[in-house]
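J.: Numbering of the sequence shown is given in this note's numbering, commencing with residue 626 and proceeding in unit increments.
In this text, a Cβ means the ideal position worked out from N, Cα and C, and glycines have one as well.
The structure under discussion is supplied below as structure tokens; questions concerning it will follow.
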Amino acid sequence: MQTIAGLTLLELLEHIARTLYIMQLMFTPEDFITANSVSGAAAVTPLLVHMHRLSAVFLIGLKGAILVVQMKAPSVKPAVWLNQSVCWGLCAVLLKMNEPLFKKPDFYVNLAVQMFFGAAFMAAFLTDKPKKA
626 MQTIAGLTLL ELLEHIARTL YIMQLMFTPE DFITANSVSG AAAVTPLLVH MHRLSAVFLI
686 GLKGAILVVQ MKAPSVKPAV WLNQSVCWGL CAVLLKMNEP LFKKPDFYVN LAVQMFFGAA
746 FMAAFLTDKP KKA
């Protein structure tokens with residue numbers, strides 16, 4: 626099912642989620658760190674704030690590249706979905722491996738979002754029907 630600009634609903638939801646992450650990392654990194662980490666405000670350092678903002682810049686580049694591919698090359702969407710599944714899945718694995726560092730219940734919310742997108746993109750990849758030439 627296509628939505629805006631040829632994106633599927635799943636792709637659109639992911640772009641929204643990624644935009645929210647970008648906004649938090651870029652504009653409120655101190656709040657993001659304090660809200661999510663067990664050490665809270667004690668963990669906020671200028672270097673950590675810089676790294677969060679730098680991560681946001683890389684996410685903007687990734688978001689733009691993926692958006693272009695999704696809109697201009699629909700035949701490669703399954704490969705993009707597999708990539709997205711692996712990326713979101715690895716985020717969930719890394720989060721789970723570092724569970725003691727994060728506050729609850731935010732930890733569970735982040736884990737649920739990451740697992741949802743990982744599983745949803747894998748399902749999209751696995752159920753995609755080959756296109757006829």
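(1) With F624 as the anchor, note down where its alpha helix (DSSP H) starts and where it stops.
(2) Please report the straight-line C-alpha distance between A642 and K688, rounded to a whole angstrom.
(3) Tell me the rounded alpha-carbon separation between P730 and M651.
(4) Give the DSSP-derived three-state secondary structure of I629 in the structure shown.
(5) Spatial neighbours of E724 within its chain, please: CB distance less than 8 Å, with the 5 preceding and 5 following residues excluded, ordered by chain position.
(6) Does DSSP put Q739 in a helix, in a strand, or in coil?
(7) With a threshold of 7 Å on Cβ separation, who are the neighbours of L637 within its own chain once the five nearest residues in sequence on each side are excluded?
(8) Would you tell me roughly how many angstroms separate the C-alpha atoms of L684 and V711, rounded to the nearest one?
(9) Would K728 and S680 qualify as a contact pair, given that the criterion is a beta-carbon distance under 8 Å?
(10) Counting only the same chain and skipping the five closest in sequence on each side, list residues whose C-beta sits under 6 Å from that of T670.
(11) Need the endpoints of the alpha helix (DSSP H) that P699 sits in, please.
(12) Just the Cα atoms here: how many angstroms apart are Q739 and V674?
T.: Judging by the given coordinates:
(1) The structure shown has nothing for residue 624, since the chain only spans 626 to 758.
(2) 11 Å
(3) P730 and M651 have their C-alpha atoms some 23 Å from each other.
(4) DSSP places I629 in the helix class (H, G or I) of the three-state scheme.
(5) Listed in chain order, the non-local C-beta contacts of E724 below 8 Å within the same chain comprise F732, local neighbours out to five positions each way being set aside.
(6) Note: Q739 maps to helix in three-state DSSP.
(7) T628, I629
(8) 16 Å
(9) no
(10) none
(11) No alpha helix (DSSP H) holds P699; DSSP gives it neither H nor E.
(12) 22 Å
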